[in-house]
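In order, the protein sequence lines correspond to chains A and B.
Counting in this note's numbering, the first sequence runs from 1 upward without gaps.
Counting in this note's numbering, the second sequence runs from 552 upward without gaps.
Here's the structure we're looking at; comments come further down.
There are 2 protein chains.
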Amino acid sequence: MTTNPSPQIWLYDTTLRDGTQCEGLSVSIEDKLRIAKRLDQLGIPFIEGGWPGANPKDVQFFWQLQEDPLKQAEIVAFCSTRRPNTVAASEPMLQAILTAGSHWVTIFGKSWDLHVTEGLKTTLEENLAMIRDTIEYFRSHGRRVIYDAEHWFDGYKHNRDYALQTLEAAIASGAEWLVLCDTNGGTLPHEVSESVTTVKGHLSFVLCQKSMTNDPGQRTIPQIGIHTHNDCDLAVANALAAVMAGATMVQGTINGYGERCGNANLCSLIPNLQLKMGYSCITEHQLTQLTEASRFVSEVVNLAPDEHAPFVGRSAFAHKGGVHVSAVQRNPLTYEHIQPETVGNRRRIVISEQAGLSNVLAKARTFGIELDKQTPEAKQILQRLKQLESQGYQFEAAEASFALLMYEALGARQEFFEVKGFQVHCDLVEGKETSSALATVKVAVNGQNILEAAEGNGPVAALDTALRKALVNFYPQLASFELTDYKVRILDGHAGTAAKTRALVESGNGHQRWTTIGVSANILAASYQAVVEGLEYGLLLHSQAEAAVKA
Amino acid sequence: MTTNPSPQIWLYDTTLRDGTQCEGLSVSIEDKLRIAKRLDQLGIPFIEGGWPGANPKDVQFFWQLQEDPLKQAEIVAFCSTRRPNTVAASEPMLQAILTAGSHWVTIFGKSWDLHVTEGLKTTLEENLAMIRDTIEYFRSHGRRVIYDAEHWFDGYKHNRDYALQTLEAAIASGAEWLVLCDTNGGTLPHEVSESVTTVKGHLSFVLCQKSMTNDPGQRTIPQIGIHTHNDCDLAVANALAAVMAGATMVQGTINGYGERCGNANLCSLIPNLQLKMGYSCITEHQLTQLTEASRFVSEVVNLAPDEHAPFVGRSAFAHKGGVHVSAVQRNPLTYEHIQPETVGNRRRIVISEQAGLSNVLAKARTFGIELDKQTPEAKQILQRLKQLESQGYQFEAAEASFALLMYEALGARQEFFEVKGFQVHCDLVEGKETSSALATVKVAVNGQNILEAAEGNGPVAALDTALRKALVNFYPQLASFELTDYKVRILDGHAGTAAKTRALVESGNGHQRWTTIGVSANILAASYQAVVEGLEYGLLLHSQAEAAVKA
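This is the structure we're talking about:
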């Protein structure tokens, strides 16, 4: 269905406008500026910055960009058509857009007759005038205009003739792009395809007529864009269907952020268009920055990244099954639909219950340990792994604990300290806001027993502090370690408070981060185990680094 | 493209097999049984239970289902073809499948020549024999067979003739379904469409030839199924494209759980097929259970539900305040692509104080409390709610705690007991498998102070026991209460062990279940608070029931 072998698709990012409608997402002006710069680096040609005038944040955002403009991208201001029965030139809302100073303006207008008569409570003719006047107003001030046909696909279904008239009004007044919007997200790919094809055909016919009558109303040859939402889990498919039917602009957001179920995800669209369908969007080098850009944006908006996101997710190229893993290593292309590096992601071998020996060997290799499949050590590691996993351990996320397990099986686990036991005492008096916890630990280092106690606002914090106090004189490097994340999961909730608990602790030393695990019916014992292994692994990393320097 | 106005699409759920390949997801046998029962209620006709023999958990799961079978659904065992150069009858792997006792067996085999020669290291002819022998073996033991053509779309691209031969082998040996699998998830909808159309055409041709020659090899007329993965963000679109090209079985998982980027999400596929495309999958009533089923499965596998999930997500029908909201309320169909109730979801009005208040009133009504919008109590409840939610409380899942909060605001919270404080002492000696915890609680009932202590294998169990011991003489009904579920979530993991903890406790009295919440930087204080409110709410229910009997 593609008519051109490798045409350009123009990307239009609306993370900073439609994306911020996402429930749970909020951004400062500073955040918006950081994201805009990153999108510019990524090679997105159109970046919709917001609706200046609708809120003060967006006004300031555009002003700041006037001071410090983007390198390549066009920043676009977004705005509706003028209100019914007004004059464009005297609408403060439209003047605020001029003040924002962008070359490009996106005007959205109504395509669906019902929204005109019931929503705007005006006539169908007045809506056409609103579209024309608003676009002409911006054109007369030298702005270039993208026209967003809101609720396009619903309007097209209910009153096709009128919907097409709204597009004609936008062309006649000088819009350079007509963007068909599936605002409610309810359209299916074959419907998108049919509608885009019809629009293309209709516009060719209209343009042909105009050129024959030499109508001065026609100023530019508009192209088609597509704006989709994910309410049917089809936002990406719908955008691709539109492109195959002739659309040349694709609107979307980073990570698919957006109202309700989100917008079309640019992190999926770009690789599909470029790697699978042969379109040109951004450079190959920019494409290798995609995974990082996705994570950067999720960091800035402070939403946890989707680990299972296509192309850019942490699990997107993770391999779990046993037989499977050895095959992947022989010939990755038979098990991966693209090379992870092309989008800046990487292959990961996951350790789990379903692991075979080859997973274990592959994982060992990432820790610099070469194991032979035939050795008793390799088999012993696998057996121990399965035994621990049946008890509720899960090493997928706790790679440091897995490394310690491997060193132990190889007889190479260095003993930095030995834990003899711990006690925790917790005291809560009703009515007092804070509760205190007191922890006592007993550890042995080089045959010397150390007893140490500490307080904390929770029992695990107290345990952690006591342990560090006991060890820091022997291992001063502990001072630079910190506990960066702590997660608890109840494994069999149905056993009530007697259920087994799994604790995951992430630690860091300023350069590296590692995760350890503990499992016990006692929530404190599970947490303590993970904390202890976190310190041990940190000491191991330090001693490996020292050995490397000496060597 | 649909040839039939409202044909049946057969749903095939693989949450319990392919879904468990999802990184971060692990389930016990008990979890699998609960999910299977729920899928059965939802009306899924085929439920793939696992690969009995590949791990002991799946063997036990099938055995338990023999004791206590599903009501409607067919449970399906999954397994590969026999290994190269063996005899099916002497393969222990295949015998384990027979022992599992399911009527239906899904056999997966290689479609891609490269996987045969490089992966299996055997000949293309031997692979065809493996498919034939394995299916014939199960057919001769009275099993019905679904054939999963692994890596179908890649195989089809690389060596179409051979790929088609593998399907012919499966048909000739008696498979009733041929399922085309996009195992690597790299295929686009138009490619799926083209391939399914070709397969349909080819099979018609082959079947026509066989019937003319009266070949006994052909036993059944196979139908086409589709199995897709979400690596291109197109799993749902690909499955729909296959259905439009003639596939009649759709494989997927609840919430799209699965390896890497997941499988096709049944929670999106079912409403698309049924509400948008006019196919028949489950009953209308079952469809209204979809949202609940989605959340149930996410609870059981203990993964946070995706709030933005199409159809079933909490944000899927969320509307922001303002003009939009009043328009939605006037004519919802112009702003929502389906009625949320058809899939058991609901419209949500976000943010506005007014909307918050009406939510509170609606919620109060579910507890039989009629509140007036204008009263200071209603406003006070809303204010308290917002304050607590900013501290990390979340009452959506803890309705019993919310009810107590309402009674308190109304001055109607009955005081059954007063907690004066608690102490916990925990002692772990390294090398001893069990750790013990000792809890002491001080409560006042009718002005009388009671001090009680108890031991447990964890601190929360000890606290729970001590509290019951202290109260049971005053409230003998406590003897019938039990703690049925306990969950802990760390709210701000990045604060390390000092992070706030949210504990949810589910309690029951044999007839009813209720959930309470606690939040604190101290994991024990949060848990204790939820346990205390759980007992209090149980006593409240008991006293309400007694009052009702007397009245």
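Every residue gets a Cβ at the ideal spot worked out from N, C-alpha and C, and that includes glycine.
Length of the line joining the Cα atoms of Tyr137 of chain A and Leu785 of chain B: Distance from the CA of Tyr137 of chain A to the CA of Leu785 of chain B, rounded to the nearest whole angstrom, comes to 41 Å.
Could you tell me whether the Cβ of Met93 of chain A comes closer than 9 Å to any Cβ of chain B? Nearest CB-CB separation between Met93 of chain A and chain B: not below the 9 Å threshold.
I'd like to know whether the C-beta of Tyr563 of chain B is nearer than 9 Å to at least one C-beta of chain A. It does not; no Cβ of chain A falls within 9 Å.
Taking C-beta pairs closer than 8 Å, name the residues in chain A that Asn823 of chain B reaches, listed in chain order. Chain-ordered, the chain A residues with CB closer than 8 Å to the CB of Asn823 of chain B read Leu188, Cys232, Asp233, Leu234.
Jot down the residue ranges of each uninterrupted alpha helix (DSSP H) in the segment 86-145 of chain A, minimum 4 residues, whole runs only, in chain order. Taken in chain order, the complete alpha helix (DSSP H) segments of 4 residues or longer contained in the segment 86-145 of chain A are 92-100, 124-140.
Along the chain, where does the alpha helix (DSSP H) that runs through Asn359 of chain A open and close? Note, Asn359 of chain A: alpha helix (DSSP H), 357-366.
For Gly652 of chain B, which residues of its own chain have a beta-carbon under 6 Å away from its beta-carbon, when the five flanking residues on both sides are left out? If the five residues before and after Gly652 of chain B are omitted, its C-beta is found closer than 6 Å to the C-beta atoms of Gln617, all from its own chain and listed in chain order.
Flag this pair as yes or no: are the beta carbons of His103 of chain A and Arg143 of chain A separated by less than 9 Å? Taking 9 Å as the Cβ cut-off, His103 of chain A and Arg143 of chain A qualify as a contacting pair.
Which residues in the same chain have their Cβ closer than 6 Å to the Cβ of Leu1002 of chain B, if we skip the five residues on either side of it in sequence? Here the set comprises Lys993.
Any chain D beta carbon closer than 9 Å to Glu341 of chain A: Looking for chain D here will not work: the only protein chains present are A and B.
Is the shortest distance between the beta-carbon of Cys630 of chain B and the beta-carbons of chain A less than 9 Å? No, Cys630 of chain B lies away from the interface with chain A (no Cβ there is under 9 Å from its Cβ).
If you follow the alpha helix (DSSP H) that Ser1094 of chain B is part of, which residue opens it and which one closes it? Note, Ser1094 of chain B: alpha helix (DSSP H), 1074-1101.
Note the first and the last residue of the continuous alpha helix (DSSP H) segment covering Ile450 of chain A. Not the alpha helix (DSSP H): Ile450 of chain A falls in the beta strand (DSSP E), residues 448-456.
Using only alpha-carbon positions, find the residue among A:Val419, A:Gln394, A:Val460 that is nearest to Val616 of chain A. Lying outside 1 to 551, the shown extent of chain A, residue 616 of chain A is not represented and no answer is given.
Within 10 angstroms of the Cβ of Cys759 of chain B, are there 16 or more other Cβ atoms? Answer buried if so, exposed if not. By the neighbour-count criterion, in which a residue is buried when 16 or more other Cβ atoms sit within 10 angstroms of its Cβ, Cys759 of chain B is exposed.
Taking the CB atoms as reference points, tell me whether Asp306 of chain A and Asn272 of chain A lie closer together than 9 Å. Contact: no.
What span of residues does the alpha helix (DSSP H) with Thr1016 of chain B cover, start to end? Run containing Thr1016 of chain B: 1010-1022, per the alpha helix (DSSP H) assignment.
Taking 9 Å as the threshold (C-beta atoms), are Leu463 of chain A and Leu524 of chain A in contact? In contact: Leu524 of chain A and Leu463 of chain A (Cβ atoms closer than 9 Å).
Return no unless some Cβ of chain B is closer than 9 Å to the Cβ of His337 of chain A. Answer yes: the Cβ-Cβ gap between His337 of chain A and chain B drops below 9 Å somewhere.
Listed by chain order, chain A residues near Asp978 of chain B by CB distance under 9 Å: Correct list: Gly421, Phe422, Gln423, Val424.
Okay, do the segment 597-613 of chain B and the segment 634-651 of chain B touch, 3+ Cβ pairs below 8 Å being the bar? Yes, since at least three Cβ pairs between the segment 597-613 of chain B and the segment 634-651 of chain B fall closer than 8 Å, the two stretches touch.
Quick check on Leu936 of chain B - is its C-beta less than 9 Å from some C-beta in chain A? For Leu936 of chain B, the answer is no, since every Cβ of chain A falls outside 9 Å of its Cβ.
For Asp231 of chain A, I'd like the list of residues in its chain whose CB is within less than 8 Å of its CB, leaving aside the five on either flank, ordered along the chain. Only Asn184, Gly185, Gly186, Arg260, Cys261 meet the Cβ criterion.
Every unbroken alpha helix (DSSP H) within the segment 821-873 of chain B, with a cutoff of 4 residues, ordered by chain: Correct list: 835-838, 841-851.
If Ala398 of chain A and Ile517 of chain A are in contact, beta carbons under 8 Å, what's the gap, nearest whole angstrom? Confirmed, Cβ separation roughly 4 Å.
Meets three-Cβ-pair contact criterion under 8 Å: the segment 533-544 of chain A and the segment 465-481 of chain A: The segment 533-544 of chain A is in contact with the segment 465-481 of chain A.
Could you check the C-alpha separation between Glu904 of chain B and Ala960 of chain B for me, to the nearest Å? Annotation note: pLDDT 40 at Glu904 of chain B (below 50); position unreliable, no value reported.
Would you call the CB atoms of Gly53 of chain A and Cys79 of chain A closer than 9 Å? The Cβ atoms of Gly53 of chain A and Cys79 of chain A sit closer than 9 Å to each other.
So, with DSSP's three-state summary, where would you put Phe78 of chain A? Residue state, collapsed to three classes: strand.
Does the Cβ-Cβ distance between Val1039 of chain B and Thr501 of chain A come in under 9 Å? Cβ atoms of Val1039 of chain B and Thr501 of chain A: closer than 9 Å.
Let me check one thing: in DSSP terms, what residues is Glu67 of chain A bridge-paired to? The bridge partners DSSP lists for Glu67 of chain A come to none.
Would you say Tyr335 of chain A and Gln8 of chain A are within 9 Å of each other, going by their C-beta atoms? Not a contact, by the Cβ cut-off of 9 Å.
Could you tell me whether the Cβ of His511 of chain A comes closer than 9 Å to any Cβ of chain B? False, the Cβ-Cβ gap to chain B never drops below 9 Å.
Counting only beta-carbon separations shorter than 9 Å, does His692 of chain B have a partner in chain A? Judged by the 9 Å Cβ criterion, His692 of chain B is not in contact with chain A.
Pro596 of chain B to Cys732 of chain B span [Cα, whole Å]: Straight-line spacing of the CA atoms in Pro596 of chain B and Cys732 of chain B works out to 19 Å.
Between Met681 of chain B and chain A, is any beta-carbon pair separated by less than 9 Å? For Met681 of chain B, the answer is no, since every Cβ of chain A falls outside 9 Å of its Cβ.
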